[in-house]
Each structure stands twice: as structure tokens, then as C-alpha cells.
Amino acid sequence: FISLTEKYFNNIVDLKTLIEILKIWSYRFEDKYILEQTILNPYPDDLG
1 FISLTEKYFN NIVDLKTLIE ILKIWSYRFE DKYILEQTIL NPYPDDLG
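What follows is the structure in C-alpha cells.
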């Protein structure tokens, strides 16, 4: 993950990639706090 953040700062990887990895890890480790963050779910499920 650290290498990906470095690539993000060098404009090689986009922010969406980092967010998706955080989301996958949050599901894997059942981290409810992270999953409830607005950056991972900017819109309510009802809008989808």
C-alpha cells in the first residue's frame, strides 16, 4: 500500500485505486469504522 501511495503522489496511480484497496481491506477485516467513511461511500445506497 505504501508503494501505491508513492505512485499516487507521482501521478502514476489514481485515487480511485487507493480507495478501492482500502474498501477491500475493510471488508476483509470487517472494519466497520472505515466502511462507514464518506470517502468510501460518498452517496447513499438509495441513490444507486
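The sequence shown begins at 1 in the UniProt record's numbering and counts up one residue at a time.
A virtual CB, placed ideally from N, CA and C, is assigned to each residue, including glycine.
Pair within 7 Å by beta-carbon distance, residue i and residue j
i, j, result
"K23", "L40", "yes"
8 Å contact criterion, which residue i and residue j should meet: CB distance rounded
i, j, result
"F1", "I19", "Rounded, the Cβ-Cβ distance is 12 Å, inconsistent with contact."
Pick out the complete beta strand (DSSP E) segments inside the UniProt domain "DUF1722" (1 to 44), 3 residues or longer, and give them in chain order.
List check, beta strand (DSSP E) in window: nothing returned.
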